[in-house]
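For the protein sequence lines, the chains are C and U, in the order given.
Going by this note's numbering, the first residue of the first sequence is number 1, and it counts up by one from there.
Going by this note's numbering, the first residue of the second sequence is number 1001, and it counts up by one from there.
Worksheet: one structure, shown below.
Number of protein chains: 2
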Amino acid sequence: MKAKSYAEMQCSIARTLEHVGSWWSLLIIRDAMMGARRFKDFEKSLGIAKNTLTNRLTKLVDIGIFEKVAVSENSAFEEYVLTKQGRDLAPVMIALAQWGDKWVPHEQGPSTEIIDADAGRKLSRIWPRRQDGEIIPLRKIRMKRAKGAPKKVWEEA
Amino acid sequence: MKAKSYAEMQCSIARTLEHVGSWWSLLIIRDAMMGARRFKDFEKSLGIAKNTLTNRLTKLVDIGIFEKVAVSENSAFEEYVLTKQGRDLAPVMIALAQWGDKWVPHEQGPSTEIIDADAGRKLSRIWPRRQDGEIIPLRKIRMKRAKGAPKKVWEEA
DNA sequence: AGTAATTGGTTTCATAATGCAACTAAAAAT
DNA sequence: ATTTTTAGTTGCATTATGAAACCAATTACT
C-alpha cells in the first residue's frame, strides 16, 4: 500500500520510488519491456485487479513513463508504449533481476533472461565503473546526502 | 500496499521485489547505506509508523538483508546492519538514484550523492557493459523469459 | 541510588489501498 | 446481426498503513 508520499523527501531514490515504487508498477514496466502493450496483456500476465491496473497505467502515463498510442491506423484501441524515460529504467530492471538471480534463486532457474543481442549471451553483472571501464569496488562507493540537504538524524552530535 | 504476493511468479525481478519491493523497504535499505543503524534512526529519518517499521525490519532480517547486532559489548540494545546480501543491492540503489536525478530533478539539486571515494567524484551512469568495459546500447538489450518459463500472454498465436 | 528520558517496541482504532466480482459501453470478430 | 473481446467502472470486503496511546527495559542525569 502506500498512504504517505515520498515526494517531499530530499532524496533522488525517494523521488524515483514515488514514481515507480508502488506495488505492481515495476512489474508493469517489466512486462512492457518484454513486449506487453495492451491493457489485457498486463492484466492477464500479472493477475492484477483491473481497477488497480487502470490506476497504475493512468499514473504512469501522467508522469511520462508510458504513452498511449493507437494500435493501428484503423483501430480505435490504444496500447501502452514505454517512452524514452520508461526505457531508461533498464538499468534498474537489470540490477533487480540480477540481484534476484543471485540471492533468491528459483528451483526452475532464472526464468527472466537479459541478453546482449550482439554477443548472444546473458549480460554480465551491472556494476558501477569508472569512465575507462574499471570496476569500482563496493568499499569505494559512498552514499551521502548532498551539501545543503538536511542532516540525517544519526549524524547529529 | 500489497495484498498479493509475487513469490510464485517465474521472474527474477518479481522475486526481488517480493523481498524489497514493499513500500518503505528500499528507503530503509537506502538509509542503512547512508549510515542509519538504530531503530530510532530509521523511524525519525523516514517518518514511518513504528508498527510498519517493526514489520519491515523483521522481514528484512528474516530474509537475510539485515542482521541484528549488539550496539556494543556492554549494551543491551541492538542495531540493524546490512549483510553482504543487503549491501549487494547497491547497483539497484545507484540505478534508482541516477534515474531520479535525470527524470525527476528537484529544485534543490540531487540531494543524494553517490561518490567514488578514490576519484572523489560522482559515479558516472551505471549501465550494462561487456566484459571488456564496452557499453551495451539499449537497442542491443533483450529481456525475455527463459526457456521453460511459461509463454507470455501476448506471445500466444 | 533515585529519577527522568530514551529506546524499541505492542496495541488499538481510523483510514487508505487493494482484490474481487459484477456490470457496462464500445469495438471487433463471426 | 449476434457474439465475443476489450477496456474500463462501481461497490463491497479485506488487508495494510498511519497515528496515537501505552508499556517495559535500558540508559542518562543529578
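Every residue gets a Cβ at the ideal spot worked out from N, C-alpha and C, and that includes glycine.
Give a yes or no on whether the C-beta atoms belonging to residue 1038 of chain U and residue 1077 of chain U are separated by under 9 Å.
Translated into the one-based positions of the second sequence, residue 1038 of chain U becomes position 38. Translated into the one-based positions of the second sequence, residue 1077 of chain U becomes position 77. Yes, the pair counts as a contact, with Cβ atoms nearer than the cut-off.
Look at the alpha carbon of residue 70 of chain C and the alpha carbon of residue 43 of chain C, and state the distance between them as a whole number of angstroms.
Residue mapping note: residue 70 of chain C aligns to position 70 of the first sequence, counting from 1. Residue mapping note: residue 43 of chain C aligns to position 43 of the first sequence, counting from 1. Straight-line Cα distance between these residues: approximately 19 Å.
Do the CB positions of residue 126 of chain C and residue 1129 of chain U come within less than 9 Å of each other?
If you number the first sequence from 1, residue 126 of chain C lands on position 126. If you number the second sequence from 1, residue 1129 of chain U lands on position 129. Going by C-beta atoms, residue 126 of chain C is nearer than 9 Å to residue 1129 of chain U.
So for residue 158 of chain C, helix, strand or coil by DSSP?
What the structure shows of chain C is the stretch from 1 to 157, and residue 158 of chain C is not part of that stretch, so it cannot be assessed.
Show which residues of chain C have a CB atom less than 9 Å away from the CB atom of residue 1070 of chain U.
Looking up residue 1070 of chain U in the second sequence gives position 70. Those do not exist, as residue 1070 of chain U stays about 17 Å from chain C at its closest Cβ, beyond 9 Å.
Neighbourhood of residue 19 of chain C by C-beta distance below 6 Å, restricted to the same chain and skipping five residues each side
One-based indexing of the first sequence puts residue 19 of chain C at position 19. Counting only Cβ-Cβ distances below 6 Å, and skipping sequence neighbours, we find 63.
If you pair each beta-carbon of the segment 20 to 28 of chain C with each one of the segment 1132 to 1144 of chain U, do three or more pairs fall below 8 Å?
no
At the level of alpha carbons, what is the spacing between residue 103 of chain C and residue 30 of chain C?
Reading the first sequence from its first residue, position 103 is the one you call residue 103 of chain C. Reading the first sequence from its first residue, position 30 is the one you call residue 30 of chain C. Going by the C-alpha atoms only, they are around 19 Å apart.
Reference residue 1146 of chain U, options U:1005, U:1053, U:1010 and U:1004, closest by Cα:
Stepping through the second sequence from its first residue, residue 1146 of chain U is reached at position 146. Among U:1005, U:1053, U:1010 and U:1004, the Cα nearest to that of residue 1146 of chain U belongs to U:1010.
Go through its chain and collect everything with a Cβ distance to residue 48 of chain C's Cβ below 6 Å, but skip five positions before and after it.
The residue you call residue 48 of chain C lines up with position 48 of the first sequence. Excluding positions up to five away in sequence, the list reads 24.
Roughly how many whole angstroms lie between the Cα atoms of residue 89 of chain C and residue 1120 of chain U?
Within the first sequence, numbered from 1, the residue matching residue 89 of chain C stands at position 89. Within the second sequence, numbered from 1, the residue matching residue 1120 of chain U stands at position 120. The straight-line gap from Cα to Cα measures roughly 26 Å.
Separation of residue 33 of chain C from residue 41 of chain C, as counted between CA atoms:
Here the question's residue 41 of chain C lines up with position 41 in the first sequence. Here the question's residue 33 of chain C lines up with position 33 in the first sequence. Approximately 12 Å between the Cα atoms of the pair.
Residue 1115 of chain U, DSSP secondary structure in three states
Residue 1115 of chain U sits at position 115 when you count from the first residue of the second sequence. Residue 1115 of chain U: strand per DSSP, three-state reduction.
What does the alpha-carbon distance come out to for the pair residue 1079 of chain U and residue 1087 of chain U?
In the second sequence, residue 1079 of chain U corresponds to position 79, counting from 1. In the second sequence, residue 1087 of chain U corresponds to position 87, counting from 1. Taking the straight line from one Cα to the other gives about 16 Å.
Measure from the alpha carbon of residue 4 of chain C to the alpha carbon of each residue in U:1015, U:1046, U:1008 and U:1004, then state which is nearest.
Translated into the one-based positions of the first sequence, residue 4 of chain C becomes position 4. With distances taken between Cα atoms, residue 4 of chain C lies closest to U:1046.
Min CB distance residue 54 of chain C to chain U below 9 Å
Position 54 of the first sequence, counted from the first residue, corresponds to residue 54 of chain C. Judged by the 9 Å Cβ criterion, residue 54 of chain C is not in contact with chain U.
If I follow the unbroken alpha helix (DSSP H) through residue 129 of chain C, where does it start and stop?
For the purposes of this step, residue 129 of chain C is taken as the residue at position 129 of the first sequence. It is not in any alpha helix (DSSP H) - residue 129 of chain C carries neither H nor E in the DSSP assignment.
Is the beta carbon of residue 108 of chain C sitting closer than 9 Å to the one on residue 1148 of chain U?
Within the first sequence, the letter at position 108 stands for residue 108 of chain C. Within the second sequence, the letter at position 148 stands for residue 1148 of chain U. In contact: residue 108 of chain C and residue 1148 of chain U (Cβ atoms closer than 9 Å).
Pull the bridge partners of residue 1082 of chain U from the DSSP assignment, please.
One-based indexing of the second sequence puts residue 1082 of chain U at position 82. Paired residues: U:1066.
Would you list the one or two residues that DSSP bridges to residue 1141 of chain U?
For the purposes of this step, residue 1141 of chain U is taken as residue 141 along the second sequence, with counting starting at 1. Residue 1141 of chain U is bridged to C:116.
In angstroms with no decimal places, state the Cα-to-Cα distance between residue 1124 of chain U and residue 1061 of chain U.
As a working mapping, residue 1124 of chain U is identified with position 124 in the second sequence. As a working mapping, residue 1061 of chain U is identified with position 61 in the second sequence. Answer to the nearest angstrom: the Cα atoms are 32 Å apart.
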